[in-house]
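To get the numbering used here, take the position in the sequence shown, counting from 1, and add 21. For glycine and all other residues, C-beta sits at the position ideal for the given N, C-alpha and C.
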Amino acid sequence: MKKLYLVSAGPGSKELLTPMAVKAIKNSGDLVAYGLYLTLLGDICNDKTHHDLPLGQEIERARLALDLAASGKTTALVSSGDIGIYAMATLVFELLDKELKGAIINNGSIENHDMSNPEWLDVDIEVVPGISAMQAGSSRIGAMLGHDFCTISLSDLLTPWQTIEKRLHACGEGDFVVSFYNPRSNKRDWQINTARDILLQYRPASTPVLLGRQLTRDDETITITTLENLHSDNVDMFTLVSVGNSESRHIINGEQQWVYTPRGYSKKL
């Protein structure tokens, strides 16, 4: 069987790598990933053939993984967090979707009509879920995602800013807890401040905000601040930003502090 695993490596700590992900990697002879992800996984990647493609070559990574699997090599395409959330799984399926648009279905069989890589369609694909940064961040400070929430990527490389801005207003109007992915890069330093200003139209300035940098990794830092004090100077491409809703609470108990978003149980307490 021609097999491709789409493997979620979790936010960084090997302790958060699922047994299913470990099994998929062990079953694979070839690993395709951004090199840092394989480094974080450590010994489990020994005795495997590594295909390390840098950031910015996501399409090439997905194509390579499909090519390797189609050639008969059991392959794992590895992403951090959950591979289905702002990661490589969707790109693999986009490539397959494009191939299928060039195919003719005849009595249930796929015939090559105008396909560039028909061999990809013979690959059995298994998606292995994992823990996303927003889940790891919420657990570090309590239960920030305790009620309805959403995620928004602030990168406008693939999505027009007008669309992102529309979603920010919808998030504000719906009073969702929101986790921002790709909040800032070296070339994008204004989007997070604009997002802050939009949300301030809908929720208090004192709304708690989590800044989780390098979550679950050795150099992890956790900062709890407020919406009015959220600023791009304190955020980089390794930072997850989660903003509470109008009901989210920041509580302090001695040296411990927590953020949670109530679901309404107070009516029954």
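- Beta-carbon to beta-carbon, residue 232 and residue 198 are separated by about 15 Å, too far to satisfy the 8 Å threshold.
- Leaving aside the five residues that flank residue 203 on each side, the residues in its chain whose CB is nearer than 6 Å to its CB run, in chain order, 174, 175 and 176.
- Beta-carbon to beta-carbon, residue 38 and residue 55 are separated by about 16 Å, too far to satisfy the 8 Å threshold.
- Rounded to whole angstroms, the gap between the alpha carbons of residue 160 and residue 137 is 44 Å.
- When the alpha-carbon of residue 222 is set against those of 283, 266, 168 and 163, the nearest one is in 266.
- Contact between the segment 144-153 and the segment 179-199 is not established, with fewer than three Cβ pairs separated by less than 8 Å.
- Here residue 205 carries a coil assignment [DSSP, helix/strand/coil].
- Judged by DSSP in its simplified three-state form, residue 49 adopts coil rather than helix or strand.
- By the Cβ test, the segment 43-61 is in contact with the segment 83-93, since at least three Cβ pairs between them sit closer than 8 Å.
- When secondary structure is reduced to three states using DSSP, residue 97 falls in the strand class.
- Exclusion of the five residues before and after residue 113 leaves 25, 27, 83, 86, 87, 98 and 146 as the residues of its chain whose Cβ lies within less than 8 Å of its Cβ.
- The alpha helix (DSSP H) runs of length 4 or more contained entirely in the segment 246-280 do not exist; there are none.
- Less than 8 Å divides the Cβ of residue 280 from the Cβ of residue 269.
- The bridge partners DSSP lists for residue 234 are 242 and 260.
- Close CB contacts of residue 165 within its chain, under the 8 Å cut and outside five residues either way in sequence, are with 158, 159, 198, 229, 231, 263, 265, 269, 280, 281 and 282 (chain order).
- Note on geometry: alpha-carbon atoms of residue 155 and residue 29 lie some 14 Å from one another.
- Under the three-state reduction of DSSP, residue 119 is assigned to helix.
- By the beta-carbon neighbour count (other beta carbons within 10 angstroms, threshold 16), residue 212 is buried.
- A check of alpha carbon separations from residue 238 across 168, 94 and 102 identifies 102 as the nearest.
- In the three-state DSSP reduction, residue 23 falls in the coil class, being neither helix nor strand.
- Runs of the beta strand (DSSP E) lying entirely within the segment 38-92, each at least 3 residues long, are 51-54 and 70-73 in chain order.
- In this structure, residue 141 keeps its C-beta atom at 8 Å or more from the C-beta atom of residue 179.
- The beta-carbon separation of residue 143 and residue 23, rounded to 6 Å, stays under the 8 Å limit for a contact.
- Distance from the Cα of residue 45 is smallest, within the candidate group 96, 58 and 247, for 96.
- Residue 184: member of the alpha helix (DSSP H) spanning 182-195, first to last residue.
- Setting aside the 5 residues that flank it on each side, residue 79 is surrounded in the same chain by 109 and 112, each with a C-beta closer than 7 Å to its C-beta; the list follows chain order.
- Assignment of residue 152 by DSSP, reduced to helix, strand and coil, places it in the coil class.
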